[in-house]
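As numbered in mature numbering (1 follows the signal peptide of the UniProt record, and there is no 0), residues -20 to -1, 1 to 87 make up the sequence shown, in order.
Here a beta-carbon is modelled for each residue, glycine too, at the ideal position from N, C-alpha and C.
Being a predicted model, the structure only gives us computed values, none of them experimental.
Below is one structure; the comments refer to it alone.
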Amino acid sequence: MKTNLLVLFLMILPSLLIFSACGGEADKAAPDGSESPSGGTVAGEAPPTGERALLEERCTACHSLDKVYAEKRDEAGWDAVLEEMVSYGAKLDSAERTRLVAYLVSL
């Protein structure tokens, strides 16, 4: 009887060690400066600047950048979209709007 329990224990112990070594890291929060690829910076990558930063700051309050990057428009098309977004409450002055249109056309 004692031999059977010892054999059972010796069979279960390695499995427990393997399972415990595999887990435990999933609940930790992401370190500062890292977000999902669609929404911000990645660890080790500098924060966006210029037009991309302006785009992230002003447009992600209502939708993801995936939606923006999926669109392919010319200058007039992007200008119309930004005009519509301003009518919905986006805060863009005319200089920022011009910069964003040029940036979005270049994508």
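M(-20) sits in coil when the DSSP states are folded into three classes, being neither helix nor strand. Separation of G69 and W58 (C-alpha to C-alpha, rounded to the nearest whole angstrom) is 17 Å. Contact annotation, R77 with E31: C-beta distance approximately 11 Å; criterion of less than 8 Å not satisfied.
In the structure shown, the three-state DSSP call for T29 is coil.
Rounded to whole angstroms, the gap between the alpha carbons of S86 and E36 is 16 Å.
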